[in-house]
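Undergrad:
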Ligand SMILES: C[S@@+](CC[C@H](N)C(=O)[O-])C[C@H]1O[C@@H](n2cnc3c(N)ncnc32)[C@H](O)[C@@H]1O
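Residue numbers (my numbering): 8 to 254.
1) What residue does the beta strand (DSSP E) around residue 87 start on, and which one ends it?
2) Say the cut is 8 Å; is the CB of residue 254 nearer than that to a heavy atom of ligand 1?
3) On the CB-based measure, 16 or more other CB atoms within 10 Å of its CB, does residue 252 come out buried or exposed?
4) Give me whichever residues DSSP pairs with residue 56 in a beta bridge.
5) With hydrogens ignored, establish whether the beta-carbon of residue 196 is closer than 8 Å to any heavy atom of ligand 1.
6) Hey, is the segment 109-121 in contact with the segment 56-75, meaning 3+ C-beta pairs nearer than 8 Å?
7) Look up residue 28 in the DSSP assignment and say whether it is helix, strand or coil.
8) How would you label residue 157, buried or exposed, when you count the other beta carbons within 10 angstroms and need 16 or more for buried?
9) Quick test of your reading: residue 22 and residue 189, contact by CB under 8 Å. State the CB separation rounded to the nearest angstrom.
10) Residues in the same chain with beta-carbon distance under 6 Å from residue 102, minus the five sequence neighbours each way, listed in chain order, please.
11) Considering only residues of the same chain and omitting the five flanking positions on each side of residue 177, which have a CB-CB separation below 6 Å?
12) Could you name the residues of the same chain whose beta carbon sits closer than 8 Å to that of residue 238, not counting the 5 residues immediately before and after it, in chain order?
13) Going by the beta-carbon positions, is the gap between residue 106 and residue 86 smaller than 9 Å?
Here is the structure:
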């Protein structure tokens, strides 16, 4: 079994490895997402013992992270709203649930670890989703919530970097060039979420304590970026919030 607790090294080589793999996201998605899931679960395992833990992967898509959480020893369920996403790479892992991150179909305090990768920016009410993740986590449990913030160089997803000129404009430009609208449509399936708002939500939430706020893919020495207003919105790229449920 993977023992990521000792293995995760957030050095520059790892950042370059992820960046190189990302170039294959379209042509070899399985390769990229399996690598990212391995890396992310190893990162998560620095904060929680996953062996035997009950986990939930919110907005799980085809389940790359669910599978990796299981490989790390967790009993993990996945939930996603969109059946097409769930089955995009073949049958989903067993125990998948179709449901909304905004109304998680799970009881209160039932999981040890509530996990989500790159979903928050796709829901119209991000803080409602975040509150739902807190709700289903048991007191003392861990919440790992990672997302691409809007002013990240990848904030507009496939319309990047033109989102810096406006989300609608970027979508129109994409459609002109590709003859079809982007999959991630600004204002419908892609929304503006900032690093500042995420930190403010977490810090003023009495039900959680912030254990860490990381530029997810960056080397550990670049962690201080998230403390610099404005600069953090561009350089963080993808924020990973690690929270402990207190009550
Ligand atoms: C960019 S994909 C990320 C999938 C997966 N977490 C990953 O990183 O590979 C965003 C996912 O969020 C899901 N999603 C969007 N809105 C949702 C909602 N309200 N409830 C549950 N899932 C949602 C989409 O169906 C999609 O699978």
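Ideal Cβ positions, reconstructed from N, Cα and C, are used throughout, including at glycine.
TA: Once the coordinates are examined:
1) As a first step, residue 87 must be located in the chain shown, where it is residue number 80. Per DSSP, the continuous beta strand (DSSP E) segment holding residue 87 begins and ends at 82-87.
2) Sequence index remark: in the chain shown, residue 254 carries index 247 (1-based). Exclusion of residue 254 from the 8 Å shell around ligand 1 follows from its C-beta lying no nearer than that to any non-hydrogen atom of the ligand.
3) Counting from one through the chain shown, the residue named residue 252 turns up at place 245. Residue 252 comes out buried.
4) Mapped onto the chain shown, residue 56 falls at position 49. Paired residue(s): none; residue 56 is not in a bridge.
5) On the chain shown, position 189 is the one that residue 196 refers to. The answer is yes for residue 196.
6) yes
7) Mapped onto the chain shown, residue 28 falls at position 21. The answer is helix: DSSP assigns residue 28 an H, G or I state.
8) Translated into the one-based positions of the chain shown, residue 157 becomes position 150. Result: buried.
9) As a first step, residue 22 must be located in the chain shown, where it is residue number 15. As a first step, residue 189 must be located in the chain shown, where it is residue number 182. Contact doesn't hold; Cβ gap of about 26 Å is too wide.
10) To locate residue 102, count along the chain shown from 1; it is residue 95. Counting only residues of its own chain and dropping the five nearest sequence neighbours on each side, residue 102 has a CB closer than 6 Å to the CB of 84.
11) As a working note, residue 177 is residue 170 in the chain shown. Correct list, in chain order: 163, 166, 169, 170.
12) The residue labelled residue 238 in the question sits at position 231 within the chain shown. For residue 238, where only same-chain residues beyond five positions count, the Cβ hits under 8 Å are 232.
13) What you label residue 106 is simply residue 99 of the chain shown in a count that begins at 1. What you label residue 86 is simply residue 79 of the chain shown in a count that begins at 1. Result yes, Cβ atoms of residue 106 and residue 86 sit closer than 9 Å.
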